[in-house]
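The structure appears below as structure tokens.
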Amino acid sequence: MSKDAVLQVEKLCKRYGNSDVLKAISLSVRPGERVALLGHNGAGKTTLMKLILGLTTASSGEISVAGLAPGSVEARRAVAYLPEAVAFHPALNGREQLKLFARLAGEPTHVVNALLERVGLDEAADRRIGTWSKGMRQRLGLAQVLLGRPRLALLDEPASGLDPISRHDLYSIIDEMAAQGTALLISSHALTEVEARTDRIAILRKGELVADDTLAHLSRRAELPIRLRLTAKGDAAAEIHARLGGARVNGASVELICHPDEKMDRLTRIAALGGLVGDLEMTPPSLEDLYRHFSGKDRP
Ligand SMILES: Nc1ncnc2c1ncn2[C@@H]1O[C@H](COP(=O)(O)OP(=O)(O)O)[C@@H](O)[C@H]1O
Ligand SMILES: [Mg+2]
């Protein structure tokens, strides 16, 4: 574990009644680092965030937030939180709500206009929040998180309910916060482009941390198969199939599934077929395949 981590979690356990919701979780996040916290519904993501915020207490283990105890006044000042179901006052307009948050955070209210613009809400800001879409409320939540440059930001499922463009904006806001030195823990129940572009991926499976690594390392460790699809020239599909095996698809194609270590050997054999092959398409495992592998949907 690194000494300069903003968030340090060690052997953290949480029990609710008879059920172990978090089982000896150890995790750290350094300044400027973006960590995706992945897991299916009920895996324990929100519980971990609540423990870090000091909203609930651990059964055992340690948490330090910027060297402080979670929930202490100083720790609360260092942490920003975007809850899963972000709720605002429906009768206030966006500008009023954000000004209120700025005052509560001890920030000058003149920062509000720039923040609204940053999250793309400058035009909607003077309409009541009650009339806004989920995506707009999510953006207002992000504006709140940006207030006061937190040392640690906990974003609980910020991408859910966002359209692809808003997801893209979300990513650039996450990036900007990281560039300012904020440590980010971002939970999600899926592995999409947003999470794939973080620095590290931590996967919770039924309360256990089953992975904590970069995407590249996780991909290598998973050793998931690669799909090769060959399109035959003319009626050569039968001959290709006879020489390479695999499966016939759509009459004119042959599909081969191979282990990453066998890839070059397969390609050499395909090249030796010369004129029989019209085209070759190679599909690496998808983010979804990788997530399924680690989060255990395809395990007993
Ligand atoms: N206050 C609570 N009391 C009892 N059980 C809870 C409480 N909060 C969460 N749980 C249980 O803990 C598990 C993890 O929940 P949660 O942290 O919300 O998962 P996630 O955010 O990954 O979907 C679930 O089984 C949930 O039912
Ligand atoms: Mg949750």
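If you count the sequence shown from 1, position 99 lands on 90 in this note's numbering, and the numbers rise without skipping.
No residue lacks a Cβ here, since even glycine has one placed at the ideal position from N, Cα and C.
Model, not experiment: these values are computed from the prediction.
Practice task
Tell me whether P186 counts as near ligand 2, meaning its Cβ is closer than 7 Å to at least one heavy atom of that ligand.
Solution key: In the sequence shown, the residue the question calls residue 186 occupies position 195. A small correction: the amino acid at residue 186 is Glu; Pro does not occupy that position in the sequence shown. Checking the Cβ of E186 against ligand 2 gives no.
Problem - Cβ neighbours of D280 in the same chain (closer than 6 Å, five flanking residues each side left out) - result: For the purposes of this step, residue 280 is taken as the residue at position 289 of the sequence shown. Excluding sequence neighbours, D280 sits near L215.
Exercise for the section: Quick one: grab the DSSP three-state call for G266. Expected result: Taking the first residue of the sequence shown as position 1, residue 266 is located at position 275. Helix at G266.
Exercise for the section: Taking 8 Å as the cut-off, decide whether the C-beta atoms of L145 and L131 are in contact. Expected result: Position 154 of the sequence shown, counting from 1, holds the residue named residue 145. Position 140 of the sequence shown, counting from 1, holds the residue named residue 131. Cβ distance not < 8 Å, so L145 and L131 don't count as in contact.
Exercise for the section: Consider the C-beta atom of K36 and the heavy atoms of ligand 2; say whether any pair is separated by less than 7 Å. Expected result: Within the sequence shown, the letter at position 45 stands for residue 36. For K36, the shortest separation between its Cβ and any heavy atom of ligand 2 lies below 7 Å.
Exercise for the section: Classify G52 as helix, strand or coil using the three-state DSSP reduction. Expected result: Within the sequence shown, the letter at position 61 stands for residue 52. Three-state DSSP puts G52 in a strand.
Exercise for the section: Could you tell me which of R94, K254, K224 sits nearest to V245, measuring between CA atoms? Expected result: Along the sequence shown, one-based indexing puts residue 245 at 254. Out of R94, K254, K224, the CA that lies nearest to the CA of V245 is found in K224.
Exercise for the section: Using only the heavy atoms of ligand 2, determine whether one of them is closer than 7 Å to the beta carbon of E148. Expected result: Taking the sequence shown and counting its residues from 1, the one referred to as residue 148 is at position 157. It does: the Cβ of E148 is within 7 Å (strictly closer) of some heavy atom of ligand 2.
Exercise for the section: Taking only the alpha-carbon atoms, compute the straight-line gap between L137 and E186 and give it to the nearest angstrom. Expected result: In the sequence shown, counting from the first residue as 1, residue 137 sits at position 146. In the sequence shown, counting from the first residue as 1, residue 186 sits at position 195. Rounded to whole angstroms, the gap between the alpha carbons of L137 and E186 is 19 Å.
Handout entry: Residue environment, P291, which counts as buried when at least 16 other CB atoms sit within 10 Å
Key = Here residue 291 corresponds to residue number 300 of the sequence shown, with the count starting at 1. Residue placement at P291 cannot be trusted, given a pLDDT of 46 that sits under 50; what the coordinates show is reported in the next sentence. Counting Cβ neighbours within 10 Å, P291 comes out exposed, since fewer than 16 surround it.
Exercise for the section: Mark K5 as exposed unless 16 or more other C-beta atoms lie within 10 angstroms of its C-beta, in which case mark it buried. Expected result: What you label residue 5 is simply residue 14 of the sequence shown in a count that begins at 1. By the neighbour-count criterion, in which 16 or more other beta carbons inside 10 Å mark a residue as buried, K5 falls on the buried side.
Handout entry: Straight-line gap, A76 to K36 (C-alpha atoms, nearest Å)
Key = As a first step, residue 76 must be located in the sequence shown, where it is residue number 85. As a first step, residue 36 must be located in the sequence shown, where it is residue number 45. Roughly 14 Å separates the two Cα atoms.
Problem - Exposure label - L46; buried when at least 16 CB within 10 Å - result: Here residue 46 corresponds to residue number 55 of the sequence shown, with the count starting at 1. Flag for L46 reads exposed.
Problem - Euclidean distance between Cα positions of T38 and D204 - result: As a working mapping, residue 38 is identified with position 47 in the sequence shown. As a working mapping, residue 204 is identified with position 213 in the sequence shown. Those two C-alpha atoms are separated by around 21 Å.
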